[in-house]
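Going by the numbering used here, the sequence shown opens with residue 171, and the numbers climb by one from there.
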Amino acid sequence: MIVVFLGVISDDEKDLINKIFSKMNVKMYNISFNILKNKYDAEEAVAQTFLKIIANIERISVLPCPQIEPYCVIILKNETMNIIRRHKKSVCVECRLYISKQ
Numbered sequence: 171m172i173v174v175f176l177g178v179i180s181d182d183e184k185d186l187i188n189k190i191f192s193k194m195n196v197k198m199y200n201i202s203f204n205i206l207k208n209k210y211d212a213e214e215a216v217a218q219t220f221l222k223i224i225a226n227i228e229r230i231s232v233l234p235c236p237q238i239e240p241y242c243v244i245i246l247k248n249e250t251m252n253i254i255r256r257h258k259k260s261v262c263v264e265c266r267l268y269i270s271k272q
């Protein structure tokens, strides 16, 4: 999927993605890990965030420079919340199955 996105975007947009990644990758992981308390979920949130950044790079590239980082953090927090919601759904289903068997 990333290959498809990278084939469509310009070199300037690729450079912007690389700059965002190199500047924010560790920070995004730390934010997500502090919320999720799970290494694999935090990595998943960061990966999904960068897929969204790549998909929306045209919008991001027109933002003023100081607004790019907060915009990306908002995407990360939304992805983190999506992971939390998925976990809640799976836990609820497991609980219901256990309760209904008794």
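Where is the CB? At the ideal position from N, CA and C, for every residue including glycine. This one's a predicted model, so the numbers in the text were calculated from it and none came from an experiment.
Whole-angstrom distance between H257 and E183, CA atom to CA atom: For this step, residue 183 is matched to residue 13 along the sequence shown. For this step, residue 257 is matched to residue 87 along the sequence shown. One C-alpha to the other measures close to 34 Å.
Anticipated Cβ contact below 8 Å, I227 with I179, distance rounded: The residue you call residue 227 lines up with position 57 of the sequence shown. The residue you call residue 179 lines up with position 9 of the sequence shown. About 6 Å separates the two Cβ atoms, so the contact holds.
Hey, would you say I190 sits closer than 8 Å to C242, going by beta carbons? Start at 1 with the first residue of the sequence shown, and residue 190 comes out as number 20. Start at 1 with the first residue of the sequence shown, and residue 242 comes out as number 72. Cβ atoms of I190 and C242: closer than 8 Å.
Please return the same chain residues whose Cβ sits closer than 6 Å to the Cβ of F175, not counting the five positions on each side in sequence. Taking the sequence shown and counting its residues from 1, the one referred to as residue 175 is at position 5. In this predicted model, F175 has a pLDDT of only 49, less than 50, meaning its place in the structure is not dependable enough to derive any value.
How about M198 and T219: are their beta carbons less than 8 Å apart? Counted from its first residue, the sequence shown places residue 198 at position 28. Counted from its first residue, the sequence shown places residue 219 at position 49. Yes, they are a contact pair.
Would you tell me roughly how many angstroms separate the C-alpha atoms of E213 and I205, rounded to the nearest one? As a working mapping, residue 213 is identified with position 43 in the sequence shown. As a working mapping, residue 205 is identified with position 35 in the sequence shown. Spanning the two alpha carbons is a distance of roughly 12 Å.
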